[in-house]
Amino acid sequence: MTPPRTAAGSAVPSTRAGGRRRGERPSAAELLAAAVGAVPGGAARPGQQQMVAAIEECVAAREHLLVQAGTGTGKSLAYLTPALTVDGPVVVSTATLALQSQLVDHDLPRLADAVTPLLGRRPTFAVLKGRHHYLCLARLDNSTEEEPEDTLFDAPASPRPGGGTRWLGEAGRLGKQVQRLRDWAAETDTGDRDELDPGVDDQAWRLVSMPARECVGASRCPFGAECFAEASRARAREADIVVTNHSLLAVDMLAGRQIVPPHKLLVVDEAHELADRVSSAAQAELVPELIDRSARRARPLLRPETAEALTAAGDALAVGLAEAPAGRITTGLPGPLREACTLLDSATRAALDAIGDIKADDPDPVRKQQAKAVLDELADTAQRLLEEADHDVAWVERNDNTGRRALVVAPLSVAGTLATHLYSDRTVVATSATLALGGRFDTVARALGLDAPPASPPSPAAAALAASTGRPGRAAAGSGAAGGTGAAGGTVRSGAADGRGDAGGSTGDADSAAGGPGTAGGAVAGGPGWRALDVGSPFDYARQGILYVAAHLPRPSVSGLPEAAGEELLALVGALGGRTLGLFSSRRAAQQAAELVRARTDLPVLLQGEESLPLLVRRFREERSSCLFGVMSLWQGVDVPGDSCQLVVIDRLPFPRPDGPLAAARAAA
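Residue numbers for the sequence shown follow this note's numbering, beginning at 52 and rising by one.
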């Protein structure tokens, strides 16, 4: 377990003398200088310096900060260095596991090495992932008793000592992977999937991991004392910096599970994804197949008529979905779907009453919790759909390729949820390469629950830093920043918690200069005060990159990789001898691309889903001639310096469909 900080949470006094008294804590600027100085020829970039100064000020003022930092800014160091000056733990949340791994495997170890002489100790850090990222010993022990369609086990076959059965298809790929996971379970210290090398595919991992909702908890689990997920949380409670992800942050916030340790500073990287991740965590669906599977899983715990009621509810939902058109439901649930939800609500309540609470002497608490968890979720979703609340959007989803149909419900907005749960008792720094819209932060501020646009002028420290860099800044559109002086190369805006701001004032913005509206106020009265900063990007895209649009290709198909696009991909990959990151809008397209390049070239091709993502990225970084193909989780957070990645291929820009049910509802709101 990593060692804790001192009792007060502060760094051990330094003996460095150059301009700082003995025992005085090093500043974030000094820590940044040490970090970049550890790299040959390294120097702090203006954007990093601006971010560091702004974060320090916001922590001191107990305000929040939005930072747009373009590619090449080095924003990780810009928020990690001031994090080390905060008393108590700091939490960093990312949208992708790729960036999470980049921070834990590369940025934080190098930073720790560089700043140890200044701090007088080595800062500690830990990673906090969802429970399903860790191997579950209870699932591994009980998996032989799962239903045949869920696992590789055959109940009647070859009993082994102590009960259970043997693997079907042990000679097959999946059987071998699961057997290797059994061997690895006896060797690993962490149970973290990302440390398994070589990795296993997603299907094999699902057989040995446990979703959080199905976990009985360490106190009830026979393997609680050995639980890998619980051990990771214990390490996080002792660390200076905890790195987690938006999905876990959202679940922790919505469910009140207190997974993330208490902290005074939360850094949200890839913040443009936060609202969507929270929305996804709050989204729920009803699928006939899931109801049927839940009924069969719970059947051993129920009377026959209770299990049959669940099955009947699933059948009713299937009929209702077959009759309902795909798309948003705007005038109330159609009769057949309402009837199905009513039947499901009644059936799940009866089943949960019959199963009862988990007790200490239950012979199989894991199986009982798994059944209860799914039934609880089905009951909650049915009740939510029947309520037809104004703050929810419901729609029928249909996939003609797979035949899958679902009744889905999601929140119209999560701004209120974020305003209530995200900003209390801590400073939040939200950063991304893409936060502002048209030079303004109003839209993202509203989406993140910060509500009103800010209006105060830039802070003296930020303005002084802008002057020292020799780069003129500007106030944001309508910010009311007096004199139009902002941070170097970008925007500084701020809002006051008491709602005061200037009424437009004189700004460096064309709208205000022409008599435009400016900004009438800061944050909502009593709400969180916030500032915004745009530091730009040091990259000159016109000189440092080439954009090639294959305009001669036919329009992309709904799913998959068109033949002409595949031939174009082969030509591009062949010209560079690999070194290609392929970003695809569907798993089917990524898989088809991988199969094509493997069949027609000798280049090593790495495909998302065949191994853990951090392992794939590491191999792509190390194998110069390799290609890495994947979907959305590779679109950001992947850092491959040097010449290992010379080409990025995108099959289709991932703009959300404006006619999608949720997007249309939000646009109309």
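Note that beta-carbon positions come from the ideal geometry of N, C-alpha and C, so glycine has one too.
Which residue spans inside the stretch 64-133 form an unbroken beta strand (DSSP E) run of at least 3? 115-120
Quick one: using the 10 Å Cβ neighbour count with 16 as the cut-off for buried, is S345 buried or exposed? Residue 345 sits at position 294 when you count from the first residue of the sequence shown. Answer is buried; the Cβ neighbour count reaches 16.
Taking the beta strand (DSSP E) that T145 falls in, what are its first and last residues? Residue numbering aside, residue 145 sits at position 94 when the sequence shown is read from its first letter. Segment 141-145, the beta strand (DSSP E) holding T145.
Residues near V143 by beta carbon distance below 6 Å, same chain, minus five either side: Sequence index remark: in the sequence shown, residue 143 carries index 92 (1-based). Excluding residues within five positions, the ones whose Cβ falls inside 6 Å are V294, V318.
Please classify A720 as buried or exposed, where buried requires at least 16 neighbouring CB atoms within 10 angstroms. For the purposes of this step, residue 720 is identified with residue 669 of the sequence shown, where counting begins at 1. A720 is exposed by the Cβ-count criterion.
How many angstroms separate the CA atom of G711 from the CA atom of G88? In the sequence shown, counting from the first residue as 1, residue 711 sits at position 660. In the sequence shown, counting from the first residue as 1, residue 88 sits at position 37. Straight-line Cα distance between these residues: approximately 49 Å.
Applying the criterion that 16 or more other CB atoms from any shown protein chain within 10 Å of the CB defines a buried residue, is G371 buried or exposed? In the sequence shown, residue 371 corresponds to position 320, counting from 1. With 16 or more Cβ atoms within 10 Å of its Cβ, G371 is classed as buried.
Is it the case that the CB of H442 approaches a heavy atom of the ligand MN more closely than 7 Å? Although the ligand MN was asked about, the structure shown includes no ligands whatsoever.
I need the boundaries of the beta strand (DSSP E) containing S708, first residue and last residue. Residue numbering aside, residue 708 sits at position 657 when the sequence shown is read from its first letter. The residue you asked about is not Ser; residue 708 is Arg in the sequence shown. No beta strand (DSSP E) contains R708, which DSSP labels as neither H nor E.
Beta-carbon spacing of W581, L116 below 8 Å: The count along the sequence shown starts at 1 and reaches residue 581 at position 530. The count along the sequence shown starts at 1 and reaches residue 116 at position 65. Yes; because the gap between Cβ atoms is below 8 Å, this pair is in contact.
Apart from the five residues on each side of it in sequence, which residues of its chain come closer than 6 Å, Cβ to Cβ, to V338? Counted from its first residue, the sequence shown places residue 338 at position 287. Same-chain partners within the cutoff: A457.
Secondary structure at F635, three-state DSSP: helix, strand or coil? Here residue 635 refers to the residue found at position 584 when the sequence shown is read from its first residue. The answer is coil: DSSP assigns F635 none of H, G, I, E or B.
Exposed or buried, G383, counting other C-beta atoms within 10 Å across all chains shown (16 or more means buried)? What you label residue 383 is simply residue 332 of the sequence shown in a count that begins at 1. G383 should be labelled exposed.
Local Cβ density within 10 Å of I310, reported as buried at 16 or more and exposed below that: Residue numbering aside, residue 310 sits at position 259 when the sequence shown is read from its first letter. Burial call: buried.
With distances taken Cα to Cα, identify the nearest neighbour of K227 among S464, T239, W256. Your numbering for residue 227 matches position 176 in the sequence shown. The residue with the shortest Cα to Cα distance from K227 is W256.
From N450 to Y130, what distance separates their C-alpha atoms? Position 399 of the sequence shown holds residue 450. Position 79 of the sequence shown holds residue 130. If I take the Cα positions, the gap works out to 42 Å.
Please report the straight-line C-alpha distance between D252 and R638, rounded to a whole angstrom. In the sequence shown, the residue the question calls residue 252 occupies position 201. In the sequence shown, the residue the question calls residue 638 occupies position 587. Straight-line Cα distance between these residues: approximately 14 Å.
Quick one: residues in its chain with C-beta nearer than 6 Å to the C-beta of G123, no 5 flanking neighbours on either side, listed in chain order? On the sequence shown, position 72 is the one that residue 123 refers to. Contacts found: S588, P589, F590.
Quick one: grab the DSSP three-state call for R190. Looking up residue 190 in the sequence shown gives position 139. Three-state DSSP puts R190 in a helix.
Tell me the residue span of the beta strand (DSSP E) that contains E448. What you label residue 448 is simply residue 397 of the sequence shown in a count that begins at 1. Residues 443-449.
Measure the alpha-carbon distance for A422 versus A373 and round it to whole angstroms. For this step, residue 422 is matched to residue 371 along the sequence shown. For this step, residue 373 is matched to residue 322 along the sequence shown. About 27 Å.
Is DSSP giving Y592 helix, strand or coil here? For the purposes of this step, residue 592 is taken as residue 541 along the sequence shown, with counting starting at 1. Three-state DSSP puts Y592 in a helix.
At least 3 beta-carbon pairs within less than 8 Å: the stretch 697-716 vs the stretch 629-648: yes
Span of the beta strand (DSSP E), counted from its first residue to its last, around C678: By one-based count along the sequence shown, residue 678 stands at place 627. Element bounds for C678: 678-681.
Check whether the Cβ atoms of L437 and R284 lie closer than 8 Å to each other. Reading the sequence shown from its first residue, position 386 is the one you call residue 437. Reading the sequence shown from its first residue, position 233 is the one you call residue 284. No.
Can you say whether Y474 is buried or exposed, counting buried as having 16 or more other CB atoms within 10 angstroms of its CB? By one-based count along the sequence shown, residue 474 stands at place 423. Buried, because 16 or more other Cβ atoms sit within 10 Å of the Cβ of Y474.
Three CB pairs or more closer than 8 Å across the stretch 384-402 and the stretch 349-361: yes
Between A79, E75, V118, D164, which has its C-alpha nearest V90's C-alpha? The count along the sequence shown starts at 1 and reaches residue 90 at position 39. For the residues A79, E75, V118, D164, the minimum Cα distance to V90 belongs to D164.
Range of the contiguous alpha helix (DSSP H) that encloses I310: Position 259 of the sequence shown, counting from 1, holds the residue named residue 310. That residue, I310, is in no alpha helix (DSSP H); it is neither H nor E in DSSP.
Buried versus exposed call for R308 [16 or more other C-beta atoms within 10 Å across all chains shown]: As a first step, residue 308 is located in the sequence shown; it is residue number 257 there, counting from the start. Result: exposed.
Where R173 falls: helix, strand or coil (DSSP): For the purposes of this step, residue 173 is taken as residue 122 along the sequence shown, with counting starting at 1. Three-state result, R173: coil.
Within the continuous beta strand (DSSP E) that includes I406, where are the two ends? Position 355 of the sequence shown, counted from the start, is the residue given in the question as residue 406. Careful: I406 lies outside any beta strand (DSSP E), inside the alpha helix (DSSP H) at 386-406.
Output the distance between the C-alpha atoms of R594 and F671, rounded to the nearest integer angstrom. Here residue 594 refers to the residue found at position 543 when the sequence shown is read from its first residue. Here residue 671 refers to the residue found at position 620 when the sequence shown is read from its first residue. Straight-line Cα distance between these residues: approximately 26 Å.
What span of residues does the beta strand (DSSP E) with T482 cover, start to end? Taking the first residue of the sequence shown as 1, we reach residue 482 at position 431. Here the beta strand (DSSP E) through T482 covers 478-483.
Residue from G275, L169, A84, C678 whose Cα sits closest to the Cα of P416: In the sequence shown, residue 416 corresponds to position 365, counting from 1. Measuring from the Cα of P416, the nearest candidate turns out to be G275.
Assigned exposure category for T25 - 16 Cβ within 10 Å defines buried: Residue 25 lies beyond the range of the chain shown here (52 to 720); nothing can be said about it.
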